[in-house]
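**Q** This is the structure, below, for whatever I ask next.
2 protein chains.
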Amino acid sequence: MKLATLKSGGRDGSLVVVSRDLSRYQKVPKIAATLQFALDNWDDVVERLQAVYIALNDNGTWDAQPFDEELCHSPLPRAYQWADGSAYINHVELVRKARNAEVPASFYTDPLMYQGGSDSFIGPRDPIYALSEEWGIDLEAEVAVITGDVPMGASVERSAEAVRLVMLVNDVSLRNLIPNELLKGFGFFQSKAASAFSPVCVTPDELGDAWQDTKLRLPLNVQINERPFGKPNAGDDMTFNFAQLVAHAAKTRELAAGTIIGSGTVSNKQGNLHGSSIDNGGVGYCCLAEVRMYETIEHGAPKTSFLKFGDSVRIEMFDAAGASIFGAIDQTVSVYEERRP
Amino acid sequence: MKLATLKSGGRDGSLVVVSRDLSRYQKVPKIAATLQFALDNWDDVVERLQAVYIALNDNGTWDAQPFDEELCHSPLPRAYQWADGSAYINHVELVRKARNAEVPASFYTDPLMYQGGSDSFIGPRDPIYALSEEWGIDLEAEVAVITGDVPMGASVERSAEAVRLVMLVNDVSLRNLIPNELLKGFGFFQSKAASAFSPVCVTPDELGDAWQDTKLRLPLNVQINERPFGKPNAGDDMTFNFAQLVAHAAKTRELAAGTIIGSGTVSNKQGNLHGSSIDNGGVGYCCLAEVRMYETIEHGAPKTSFLKFGDSVRIEMFDAAGASIFGAIDQTVSVYEERRP
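Heads up: the protein sequence lines correspond to chains A and B, in order.
Numbering of the first sequence is given in full-length UniProt numbering, commencing with residue 1 and proceeding in unit increments.
Numbering of the second sequence is given in full-length UniProt numbering, commencing with residue 1 and proceeding in unit increments.
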């Protein structure tokens, strides 16, 4: 089943069921007006939503409309929790190597995770707003899951069962604010801007064989200014799968339905390399920080700049037949202007 | 105006208006079924809620009910954002002094703040659930505000205007999990259990002269196992006021209505001391970590243990006439058992 949230309808938008080929959608206000409502009442609504999905794919709903990704908000325009792991240790190894530091042994057994802001996500086609390019604006292309309720201390197996939906995310990071903020010792706050999620989220069964062991085994395609920048496989080099990340988050407290858990920047090793650009025949990167670290390791200093106002980022994933699974995150960096909610 | 949320009515409970003396309440489903709805639509509902409050204080609503703090959830049972400052630098100075470290100069000009979990708060009379005493369970008694919408880069003045409601919070911390987690560099996650907020939240005007410069100038009373443990004044030694904390949170992203910003553990200097116990004639503490740091500084090691299963914590604030403003957070540490939402 594929779901999306149209912007119309208030702060939480309007839940719609989307056809597998992303061509049509059907509103479902009598089943669930919002995605959060559906997650809060999943067992009561999932069969009826599935029935709409089946009818929609058969072209059989009475008032299906043409689906337009431009009309979408993030599937949860605001969420009660957004916690982002750093499951691709290759990314961490690169960060450390660029500053000649060791990766602590515990990083291979104990997931890194930070608590992110979830009160006001931006839509998949909204601008990446910033007040200054000096913040060092970077994308981070990731996979994320939305969970149901998870009890404190849930096992990895139980955590796997709690995965309700899968989507993509651009976890925008303000790299030049990170060093000082992490030095303060309390983690990220100002150095993480509002994230955007893919127009469509899907139930794991929708991913077929690509969903294995709670990993999504497909390339994640990233373009910057319409040029290919990355295509690493999200199923490779993922040290912790989503079930492990969810269990980590639930160790000392319950997770409520609608919790979003991210994978961290997707990042692949390539032979003995920590990554290589697409121009050099590699799978490229999911954030600018990695290519800059690579440049630092090779040349002593980064050459590639972070995003500037006007730069665009596109993040998308295709199935084996080449069809877009989640629709595309496609954003342009822009000067923030105050909006009314 | 005083507001509370009864547990009945689903995950977000039911908003009620509470009389100034906390004796009566009035449900307001036709104005706002939940506190989040009221915050989302503040300008549209505040006058009607105020009218109910005035009538309730005059004993004039037609179906007012006796108010019982035991029936309350936290005012926002779940929120889209909970960010906790560390505005009482005395607390930070004590932490550092206990390990012979300096407080960085920037800490006096740039607030410390961490992003907390907000998906499933516990009620003010709910147990503090944990799976193990070995986690080092500690209270942190604090003041918190709930904001309206705040634009990115809001000034301190604008941030002050965005403060909608004030309440108390017990930011439960798992002290023995903190050192390893902070070493990982991404801030708190597993080391912060679910927080509980006071039964009642109030508009700033309700605080009269005690609300000055977005600080709450009254003692915060803490009892552990029914014995006085702390009574520091929340208006003293607060290096950053709430407006500054809100502006800090909004520097690089918008804050959505219903964002909760905490003060951090209230902590007073006393003359040349970093604090002294109530038994020694001081104002005591708002967390066990402080008395343990004091013991470490004086005796080389802590003597007081963290909370054990069965221990109780009570947090309350009284006005100049001795009346409870927010009702009491009163919790007992208990072994977690899975509940159904």
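Just so you know, even glycine gets a beta-carbon here, dropped at the ideal spot from N, CA and C.
If I'm right that B/LYS308 touches B/GLU133 with Cβ under 8 Å, what's the distance once you round it to whole angstroms?
**A** Here residue 308 of chain B corresponds to residue number 308 of the second sequence, with the count starting at 1. Here residue 133 of chain B corresponds to residue number 133 of the second sequence, with the count starting at 1. At roughly 5 Å, the Cβ-Cβ gap stays under 8 Å, so B/LYS308 and B/GLU133 are in contact.
**Q** Residues of the segment 306 to 340 of chain A in Cβ contact with chain E at a cutoff of 7 Å, in chain order, please.
**A** Protein chains A and B are contained in the structure displayed, whereas chain E is not.
**Q** State yes or no: is the beta carbon of A/SER118 nearer than 8 Å to at least one beta carbon in chain B?
**A** Against the first sequence, residue 118 of chain A aligns to sequence position 118. So yes, A/SER118 belongs to the interface.
**Q** Could you name the residues that DSSP lists as bridge partners for B/ARG24?
**A** Counting from 1 along the second sequence, the entry for residue 24 of chain B is found at position 24. Paired residue(s): B/PRO66.
**Q** Would a check of beta-carbon distances place A/TYR108 closer than 8 Å to chain B?
**A** On the first sequence, residue 108 of chain A is found 108 positions in, with the first residue counted as 1. With 8 Å as the cut-off, A/TYR108 does not count as an interface residue toward chain B.
**Q** Opposite B/HIS73 in the DSSP bridges: which residues?
**A** Here the question's residue 73 of chain B lines up with position 73 in the second sequence. B/HIS73 is bridged to B/THR5.
**Q** In the DSSP assignment, find the beta strand (DSSP E) that holds B/MET167 and state where it starts and stops.
**A** Start at 1 with the first residue of the second sequence, and residue 167 of chain B comes out as number 167. Counting along the chain, the beta strand (DSSP E) containing B/MET167 begins and ends at 163 to 170.
**Q** Could you tell me which chain A residues have their CB closer than 7 Å to the CB of B/TYR129, listed as they occur along the chain?
**A** What you label residue 129 of chain B is simply residue 129 of the second sequence in a count that begins at 1. Those within 7 Å of B/TYR129 in chain A are MET152.
**Q** Can you tell me whether A/PHE306 is helix, strand or coil according to DSSP?
**A** The sequence position of residue 306 of chain A within the first sequence is 306, counting from 1. The answer is coil: DSSP assigns A/PHE306 none of H, G, I, E or B.
**Q** Are B/ALA160 and B/THR214 close, meaning C-beta to C-beta below 8 Å?
**A** Along the second sequence, one-based indexing puts residue 160 of chain B at 160. Along the second sequence, one-based indexing puts residue 214 of chain B at 214. In this structure, B/THR214 lies closer than 8 Å to B/ALA160 by Cβ.
**Q** Could you tell me the distance, in whole angstroms, from the CA atom of A/GLY282 to the CA atom of B/GLY310?
**A** Here residue 282 of chain A refers to the residue found at position 282 when the first sequence is read from its first residue. Here residue 310 of chain B refers to the residue found at position 310 when the second sequence is read from its first residue. Their backbone Cα atoms lie some 58 Å apart in a straight line.
**Q** Just list the alpha helix (DSSP H) runs in the segment 128 to 210 of chain B, keeping only unbroken ones of 4 residues or longer that don't cross its boundaries, in chain order.
**A** For the segment 128 to 210 of chain B, whole alpha helix (DSSP H) runs of length 4 or above, ordered along the chain, are 156 to 161 and 178 to 183.
**Q** Checking 8 Å against the spacing of the C-beta atoms, do B/ARG24 and B/GLU70 come in under that value?
**A** Walking along the second sequence from the start, residue 24 of chain B turns up at place 24. Walking along the second sequence from the start, residue 70 of chain B turns up at place 70. No. Outside cutoff.
**Q** Return the Cβ separation of B/GLY187 and B/TYR114 in integer angstroms, given the expectation that the two are a contact with Cβ distance under 8 Å.
**A** Position 187 of the second sequence, counted from the start, is the residue given in the question as residue 187 of chain B. Position 114 of the second sequence, counted from the start, is the residue given in the question as residue 114 of chain B. That pair is a contact at about 5 Å.
**Q** Is the segment 40 to 47 of chain A touching the segment 66 to 86 of chain A in the sense that three or more CB pairs, one from each, lie closer than 8 Å?
**A** Result no; under three Cβ-Cβ pairs closer than 8 Å.
**Q** Does the beta carbon of B/GLU254 come closer than 8 Å to any beta carbon on chain A?
**A** Against the second sequence, residue 254 of chain B aligns to sequence position 254. It does; some Cβ of chain A falls within 8 Å.
**Q** Given this structure, state the Cα-to-Cα distance separating B/ARG339 from B/ALA196, to the nearest angstrom.
**A** As a working mapping, residue 339 of chain B is identified with position 339 in the second sequence. As a working mapping, residue 196 of chain B is identified with position 196 in the second sequence. Distance between the alpha carbons of B/ARG339 and B/ALA196: 17 Å.
**Q** Identify whether A/GLU337 lies in helix, strand or coil by the three-state DSSP scheme.
**A** By one-based count along the first sequence, residue 337 of chain A stands at place 337. Coil, per DSSP.
**Q** Identify the continuous alpha helix (DSSP H) that holds B/ASN280 and give its terminal residues.
**A** Position 280 of the second sequence, counted from the start, is the residue given in the question as residue 280 of chain B. Per DSSP, B/ASN280 belongs to no alpha helix (DSSP H) and is neither H nor E.
**Q** From A/ASP138 to B/HIS248, what distance separates their C-alpha atoms?
**A** Counting from 1 along the first sequence, the entry for residue 138 of chain A is found at position 138. Counting from 1 along the second sequence, the entry for residue 248 of chain B is found at position 248. Taking the straight line joining both Cα atoms gives about 21 Å.
**Q** In terms of alpha-carbon separation, which member of B/GLY136, B/ASP319, B/HIS91 and B/ALA38 lies closest to B/ASP209?
**A** The residue you call residue 209 of chain B lines up with position 209 of the second sequence. Among B/GLY136, B/ASP319, B/HIS91 and B/ALA38, the Cα nearest to that of B/ASP209 is on B/ASP319.
**Q** Below 7 Å on C-beta distance, what does B/ASP40 contact in chain A?
**A** Reading the second sequence from its first residue, position 40 is the one you call residue 40 of chain B. Those are ARG11, listed as they occur along chain A.
**Q** Select from B/SER8, B/ASP58, B/ALA32 and B/LYS27 the residue whose C-alpha is nearest the C-alpha of B/ARG20.
**A** Counting from 1 along the second sequence, the entry for residue 20 of chain B is found at position 20. Nearest C-alpha to B/ARG20: B/ASP58.
**Q** Work out the CA separation of A/ASP330 and A/LEU131 for me, nearest whole Å.
**A** As a working note, residue 131 of chain A is residue 131 in the first sequence. As a working note, residue 330 of chain A is residue 330 in the first sequence. Computed Cα separation, rounded: 20 Å.
**Q** By alpha-carbon positions, which one of B/GLN81, B/PRO151 and B/ALA321 ends up nearest to B/PRO219?
**A** The count along the second sequence starts at 1 and reaches residue 219 of chain B at position 219. Taking only the C-alpha atoms, the option nearest B/PRO219 is B/ALA321.
**Q** Compute the beta-carbon to beta-carbon distance between A/GLY136 and A/ASN170, rounded to the nearest angstrom, for a pair I have assumed lies under 8 Å.
**A** Locating residue 136 of chain A in the first sequence gives position 136, counting from the first residue. Locating residue 170 of chain A in the first sequence gives position 170, counting from the first residue. Incorrect: roughly 15 Å between the Cβ atoms, too far for contact.
**Q** Strictly below 9 Å CB to CB, what residues from chain B border A/LYS97?
**A** Taking the first sequence and counting its residues from 1, the one referred to as residue 97 of chain A is at position 97. Going along chain B, no residue has its Cβ under 9 Å from A/LYS97, so there is no contact; the nearest lies around 16 Å.
**Q** Between A/MET113 and chain B, is there a C-beta pair that is closer than 8 Å?
**A** Here residue 113 of chain A corresponds to residue number 113 of the first sequence, with the count starting at 1. True, the Cβ-Cβ gap to chain B drops below 8 Å.
**Q** Assess, as a yes-or-no matter, whether the segment 52 to 66 of chain A is touched by the segment 98 to 110 of chain A under the definition of 3 or more beta carbon pairs within less than 8 Å.
**A** The segment 98 to 110 of chain A, when compared against the segment 52 to 66 of chain A, does not touch it at the 8 Å Cβ threshold.
**Q** Determine the DSSP secondary structure at B/ALA83, reduced to helix, strand or coil.
**A** Here residue 83 of chain B is taken as the residue at index 83 of the second sequence, counted from 1. Strand at B/ALA83.
**Q** So, B/SER173 versus B/SER198, is the Cβ gap smaller than 8 Å?
**A** Translated into the one-based positions of the second sequence, residue 173 of chain B becomes position 173. Translated into the one-based positions of the second sequence, residue 198 of chain B becomes position 198. Cβ atoms of B/SER173 and B/SER198: not closer than 8 Å.
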